[in-house]
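Taking it in order: structure first as structure tokens, then the write-up.
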């Protein structure tokens with residue numbers, strides 16, 4: 067190659083005189099095997115972004131492609147996909163109190179270990195504890211039908227506790243409008259003000275709780 071010789075060649079005149087998808091197809095068709103399908107080849111090509119004035123794919127499509135690639139690399143499901151697949155739903159066949167009794171026993175053992183560390187700061191440890199397996203009873207609520215509901219906590223979300231009752235019913239109790247008692251066999255019952263627990267379990271474990279008044283329901 068001579069010094070200063072251009073690496074680029076101008077497009078064939080027949081192609082440069084045309085615009086749009088037809089020109090692209092004709093140009094690509096000159097570089098593929100005769101047996102190949104030009105539409106299939108174009109479909110498998112990755113978009114090339116020249117600049118903002120000459121974009122072959124819309125900007126919003128570019129963002130969507132990047133998002134899909136990132137999720138595929140991470141191997142994570144999006145929140146929408148989780149809802150569609152019902153990842154967090156407890157199947158009807160599992161709405162049986164006896165299935166969660168071993169979990170309740172484990173939780174009581176968890177509390178016993180916390181009590182062995184001393185009772186001085188037990189309340190502070192309790193409000194940051196994992197409640198899956200705890201036995202909750204609703205003592206006050208803005209919805210009278212929830213009052214008296216009692217069962218094992220099988221799931222905790224940002225805004226509610228899900229309890230499985232002894233009659234094998236799954237009840238979803240809103241935190242913000244309810245007051246609960248939690249039973250600890252080796253100690254006593256403690257009152258849980260739901261409105262102060264409106265947080266995801268993982269966030270609550272790291273949250274700094276400040277004393278604040280609770281509104282009487």
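In this note's numbering, the protein residues as written are 67 to 283. Glycine residues also receive a C-beta, built at the ideal position from the N, C-alpha and C atoms.
- Residue state for residue 264 is assigned as coil, using DSSP reduced to three classes.
- In this structure, residue 246 lies near residue 257, with their beta-carbon atoms less than 9 angstroms apart.
- Take the alpha-carbon of residue 95 and the one of residue 143: they are about 38 angstroms apart.
- Using a Cβ distance threshold of 9 angstroms, residue 225 and residue 240 count as a contacting pair.
- In the three-state DSSP reduction, residue 163 falls in the helix class (H, G or I).
- As computed with DSSP, residue 175 is found in no beta bridge at all.
- It is roughly 8 angstroms from the alpha-carbon of residue 192 to the alpha-carbon of residue 177.
- Note that the C-beta distance between residue 161 and residue 103 is not below 9 angstroms.
- The beta carbons of residue 163 and residue 217 sit closer together than 9 angstroms.
- Straight-line measurement puts the Cα of residue 147 at about 29 angstroms from the Cα of residue 108.
- The continuous stretches of alpha helix (DSSP H) do not include residue 220, which lies in the beta strand (DSSP E) extending over residues 216–222.
- Counting only the Cα atoms, residue 228 lies some 18 angstroms from residue 194.
- DSSP, read as helix, strand or coil, puts residue 193 in helix.
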